[in-house]
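Here's the structure, in structure tokens; my notes come after.
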Amino acid sequence: METLFFLIVSLVAIISAILVVTCRNPINSALSLILTFFCLATYYVMLDAPFLAAVQVMVYAGAIMVLIVFTIMLLNIRVNASKSQSHKIVLGSVIGFFTLLNTAVIVFKSRVALPNGPLTGDIIKQQGHTELIGREMFTTFLLPFEITSILLLVAIVGAVILAKKKI
Amino acid sequence: MDMITIPAVNFTPILPEIFLSVLAMVLLLINVFIPGDRKAYLGYLSFVGIVAAGVLVAAGWGGHIESFSGSVVLDNFATFFKMIFLVSAGLAVLISDQYMEREGCNHGELYPLILFTVVGMMLMASGTDLMTIFLGLEVMSVALYVLAGFNRKNPKSNEAGLKYFLLGCFSTGFLLYGMALTYGATGTTRIAKIAAVVGQMSLPSANIMLVAGMLLMLTGFAFKIAAAPFHMWTPDVYEGAPTPMTAFMSAGPKAAGFAAALRIFLVALPTLQVEWSQVLWVLAVLTMTVGNITALRQDNIKRMLAYSSIAHAGYALVGFTAGNGTGTAGILFYMLSYAFMNIGAFAIIILVGKKGESNGNVQDFAGFGVKHPVLAVAMSIFLFSLAGMPPTAGFIGKFYLFSGAIQQGYIWLAIIGVLNSAASVYYYLRVMVFMYMKDPTEEFDWMQVTAPMALCVAISVIGSLIPGIIPSLILQFAQQAIKLI
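Structure follows, in structure tokens:
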């Protein structure tokens, strides 16, 4: 049952991801992207990570996508019929196809035993997924968490410098 | 729910980072109160701050302190690289004001952004956790994207910023994917623990997830250090970005990429050295050859130095491929001397250039040697050092890089390197031919050489000559620095 569900979600994810890059209308692309993000959120739920699923929906499918759609509407991007560069597309497709084939063969041939971490599914269910993330973030990954604030500050300053009319 | 125990935190390893971050934020605040024609004061302040940070960094030499439960470490390796970053940032700050004033984009935010870039680079060098390294790289990159597009009115600068941003994000994706796969294969992001887990694997090269992770990380770093075939962004970005930022970008961040890559590959994945050194061999040969051959036919001197900087990354990759003591110490030595000679050369380019990024061709150097003999001698020293002629720092650096390769049996790699180095002499000497043997095509009105500019040229000359005459002065530090990793 779970495998079937996984396959259905994967199919939807792949089709919507293809639509993101093939749609001519940017709004359609953006909407397909939302669908892809929702599929990813479904994966997180299946992996016993409800917090990540919620964050995925709120931040990516919610906030960021609203921003993208707003930007598209404000800029009023027209569907431009650009000249098709068919030879490049063909070349890219061929290379991409063989890379995919190669990767698939290698992955199917090799069976890698992955290590089991200390946090098994039982422990996660017992202690709560969100609590464990919070605990890790403020103990083991305290410094990376703090660096993120510097990163955000730099991004804000940079955005102001590049975009503000008069500085 | 049991109590959460906060791990012991020692701030000593990240003291320079904290200092520079706070300084950058203070400068952002001061900037509001400083009128537009006095922005140079921010530059002086940040230069003083960088020197002070240098004292802080130097005080940590010889120590070995881990902190934040193994996210970050203070060791000689990190200290040496932090010095390289501070040198490149300090020199870039010195040459910024005159250029930015001329191009009409002397916004005060420039200096805080340079300082934030240094913070990111320092975290990359001292990070012992993939997360720390990644976030350091992002802090550095985001600040650099803005610095590349800092000259907002110049379309070329806009193009540089946007191009760097898009391709940089793309390459970050590779790097992060590689880190995620490595985490999946080993179950940890701590570099020391990865080494332990990989060391216990019976056949790590058969672990497809680990190998894929390694290769993707290699791709990400190869982009940051502008190694061929991931170098396509370099010429456009280096040409379009404001010249002081080009100088900074080609010295500091490149060294930071090497610092993080060296730590990850030599400490976490030494068991896979046979595999990654093969890939690096190809990368090194491609990078040197592509960089040098394309540089041969460039007329724009910024573009020429961009391709030459690709070639220099290739020389450093020769030392990385060897992966032994001589080769890696050579990388450290070379990155430091490259910062001096490269930023020095860019300082002269700024002096020769005119408003609107014009006068940037090799031909515009005609008659420079007669008009400005002192600056021309300085430029000649930088060019000789870049070409790798004795008795300059560039020669000693290349000597150690190539002898490291020979010690490991990579004879052909060293031969290709030396041949490349010989080919590069052509385009460096071409500038000197124009400086000394051609008459000026037009009368030039020279801009004043400001005091910071003169200081930068003087420091760069000393930095390109002294390590070449007394190599042991720097080399002994470089050798101690690589002992700990």
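Residue numbers (the working numbering), protein chains in the order written: chain A, 892 to 1058; chain B, 2 to 486.
Just so it is clear, CB atoms sit at the ideal spot from N, CA and C, and this is done for glycine as well.
These numbers were taken from a predicted model, which means no experiment stands behind them.
Beta-carbon to beta-carbon, B:F403 and B:V419 are separated by about 6 Å, close enough to satisfy the 8 Å threshold. Taking the Cα positions, A:K1056 is about 20 Å away from B:R103.
Taking 9 Å as the CB threshold, B:N155 stays off the interface with chain A. Chain-ordered, the chain B residues with CB closer than 7 Å to the CB of A:G1008 read G188. Taking 9 Å as the cut-off, the beta carbon of B:A317 is found closer than this to the beta carbon of B:G331. Listed in chain order, the alpha helix (DSSP H) elements of length 4 or more contained wholly in the region 323-401 of chain B are 326-353, 369-372 and 374-388. Assignment of B:V74 by DSSP, reduced to helix, strand and coil, places it in the strand class. Inter-residue distance for B:R431 and B:V363 is about 8 Å (C-alpha atoms, whole angstroms). In summary, the residues of the region 112-132 of chain B whose CB is separated from some CB of chain A by less than 9 Å are P113, L114, F117, T118, V120, G121, L124, G128, D130 and M132, in the order they occur in the chain.
Only buried fits B:E139, as 16 or more other CB atoms lie within 10 angstroms of its CB.
In the displayed model, B:D130 falls within a strand according to three-state DSSP. Between B:I460 and B:F341, the gap from beta carbon to beta carbon is short of 9 Å.
Close to A:L1053, with beta-carbon spacing below 8 Å, are these residues of chain B in chain order: V147, G150, R153 and G162. Here the alpha carbons of B:I66 and B:Q481 stand approximately 16 Å from one another. Scanning its chain for C-beta atoms nearer than 7 Å, with the 5 sequence neighbours on each side dropped, one finds around B:L476 the residues A330 and F334, in chain order. Listed by position along chain A, the residues whose Cβ is nearer than 9 Å to that of B:H108 are I1052 and I1058.
Beta-bridge partners assigned by DSSP to A:N993: none are found.
Annotation: A:P1009 to B:L219 spans about 29 Å, alpha carbon to alpha carbon. With the criterion set as a beta carbon lying under 9 Å from some beta carbon of chain A, the members of the region 65-80 of chain B are S68, F69, S70, G71, S72 and V73, in sequence order. Restricting attention to B:S278, B:G253 and B:A228, the CA atom closest to the CA of B:N343 is found in B:G253. By the CB criterion at 9 Å, B:F135 and B:M202 fall outside the cutoff.
Listed in chain order, the non-local C-beta contacts of B:F224 below 6 Å within the same chain comprise S172 and F231, local neighbours out to five positions each way being set aside.
Inter-residue distance for B:A256 and B:A126 is about 9 Å (C-alpha atoms, whole angstroms). Of all residues in the region 1028-1050 of chain A, only T1030, T1031, F1032, L1033, L1034, P1035, I1038, T1039, I1041, L1042, V1045, A1046, V1048 and G1049 come within less than 7 Å of chain B when Cβ atoms are compared, listed by chain position.
Rounded to the nearest angstrom, the gap between the Cα atoms of B:F222 and B:L114 is 22 Å. Scanning A:I1038, A:V903 and A:T1031 for the CA closest to the CA of B:G71 turns up A:T1031. By a beta-carbon distance limit of 8 Å, B:M101 does not contact B:L92. Their separation comes to about 15 Å. The alpha carbon of B:A367 has as its nearest neighbour, out of B:I311, B:K355 and B:D440, the alpha carbon of B:D440. Around A:V903, the same chain offers C930 as residues with beta carbons nearer than 6 Å, after the five sequence neighbours per side are excluded. Of all residues in the region 988-1009 of chain A, only I997, V998, S1001, V1003, L1005, P1006, N1007 and G1008 place a beta-carbon less than 8 Å from a beta-carbon of chain B.
For B:S465, the uninterrupted alpha helix (DSSP H) segment begins and ends at A452 to I470.
Cβ contact annotation for B:S251 (same chain, cutoff 6 Å, sequence separation greater than five): S310 and N343, in chain order. In this structure, the beta-carbon distance from B:R304 to B:Y239 falls below 9 Å. In terms of beta-carbon proximity, A:R1026 lines the interface with chain B, with at least one pair separated by less than 9 Å. Annotated as distal: B:G395 and B:S473, with beta-carbon spacing of 9 Å or more. Between the region 421-431 of chain B and the region 286-297 of chain B, the count of C-beta pairs closer than 8 Å reaches three or more; the two stretches touch.
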